[in-house]
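Below is one structure, written out as structure tokens; comments come after it.
Numbering (this note's numbering), first residue to last: 80 to 530.
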């Protein structure tokens, strides 16, 4: 039972439980006792004891109270409990805050929500376990400037509690040896995608490859039209083999979004504005994941490292050639330098962010010098949030639009993996139904609204 409570609190799930036995002899009516936050719930979770008298004797009450729900019992009116649970699910406030204790030590943190006045009652989960598994939503990695598309909060809503000042980014962790520095034989063992690599004898082709690929990437960014597509996402969460967990879980959640990539005219930065919306056109934030982890974005902008304006920010190495899908491709490794202009930022709580460096591989078609696949990863772990590694693989394909002489090479499939000490998060993205997007056409798709 405790394992179920831990998983529910990590995913912000609330349980409403109902006892179908009806009225107890000499008991209390449901209207007299709707919700009581029994201190034994907090004591049980804080102590770390696997079971308690309450959990064994009244598991439905334990499950409801520990997740901020209601245990409906001692009543013959079962519909009353169902109506209450549905009403609570339709209308509620969601509060967010930054903890002053950033340590992910696995200890229980109590939460107490208070409100002025005595006419209202608060129901909220009493706390959470501060571990990498349970607070994985703090992992937030984005490239470039986030789109300023969120509308102001409506009147009467309760804003999230956040620091009034924005802290400067923390210094990045010391990077490990990069893909550019590691010997080719060792690199092939490390990266499964390189299993069929034919190593290069020299670096003689590197300058020409960078020049031609850079020209294609610059053309993509500087002449990019607004594009929208269907995005199907599968989220997975799997425990690490041998991890010391008190639960066994295997989550898989499916989403269907519209993904938008918009030109960024007048900006020196090559990145595009990229975001996703739900079926109602509402903006979907990267953190708004159903199983408690981040859904990343920014995949159309992945080739930015090869833009001529940003090539001086990285070191490059020609690895050789590899056959993929019956095509012989050139393979180039890259690693950002500490002086790079565009770096990835990862939120680490309390309004702070950590600047990290990225490295990766690119598979390039020598016939047209287009990037067919990219694999990117962080150059160092992020111990502040127990993130051991984060990698992304993007497969590109040509998309042609009516009225455009040249096609665009856009992501078709993306795989993202985030590794924590006890759990691995994976996202699988598939893109289709590409369309040009214009806010000036009849029947346009409106700018996304805040959820």
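Glycine included, each C-beta is placed from N, C-alpha and C at the ideal position. Remember, it's a predicted structure, so these values are computed and weren't measured experimentally.
Of all alpha-carbon atoms in 470, 471 and 488, the one lying nearest the alpha-carbon of residue 478 is that of 488. In the DSSP annotation of this structure, the continuous segment of the alpha helix (DSSP H) that includes residue 138 starts and ends at 138 to 146.
The way I'd put it, the stretch 378 to 393 does touch the stretch 470 to 486; three or more beta-carbon pairs between them come closer than 8 Å. Taking 7 Å as the cut-off, the beta carbon of residue 295 is found no closer than this to the beta carbon of residue 400. With a contact defined as Cβ atoms closer than 8 Å, residue 386 and residue 297 qualify at about 6 Å. Per DSSP, the beta-bridge partners of residue 444 are 449. Between residue 363 and residue 333, the gap from beta carbon to beta carbon reaches 7 Å or more.
Residue 157 and residue 206 have their C-alpha atoms some 29 Å from each other. Cβ neighbours of residue 193 within its own chain (closer than 8 Å, five residues either side excluded): 201.
Each of 93, 495 and 460 was checked against the Cα of residue 316, and the nearest Cα belongs to 495.
Cβ-Cβ distances below 6 Å link residue 394 to 259 and 414 in the same chain, with the five nearest sequence neighbours on each side left out; the list follows chain order. At the C-beta level, residue 416 and residue 442 stay beyond 7 Å of one another. As the crow flies, the alpha-carbon of residue 337 is around 32 Å from that of residue 270. Selection 142, 276, 190 and 144 evaluated against residue 398 yields 276 as nearest (Cα-Cα). Within the stretch 284 to 324, the runs of alpha helix (DSSP H) at least 4 residues long that lie entirely inside it are, in chain order, 285 to 301. Nearest in C-alpha terms to residue 499, of all of 319, 425, 357 and 514, is 319. Rounded to whole angstroms, the separation of the alpha carbons of residue 510 and residue 97 is 42 Å.
Judged by DSSP in its simplified three-state form, residue 193 adopts coil rather than helix or strand. In the displayed model, residue 383 falls within a helix according to three-state DSSP. In this structure, DSSP gives residue 160 a helical state, which the three-state scheme calls helix. By the neighbour-count criterion, in which 16 or more other beta carbons inside 10 Å mark a residue as buried, residue 490 falls on the buried side. The residue from 340, 264 and 506 with its alpha-carbon nearest to that of residue 492 is 506. Counting along the chain, residue 509 sits inside the beta strand (DSSP E) bounded by residues 502 to 515. When secondary structure is reduced to three states using DSSP, residue 487 falls in the strand class.
In this model, residue 93 and residue 142 are separated by some 9 Å (Cα to Cα).
In the displayed model, residue 497 falls within a strand according to three-state DSSP. For residue 375, no alpha helix (DSSP H) run applies, since DSSP gives it neither H nor E. Within the same chain, 96, 139, 140 and 143 come within 6 Å of residue 150 by CB-CB distance, once the 5 residues on both sides are set aside.
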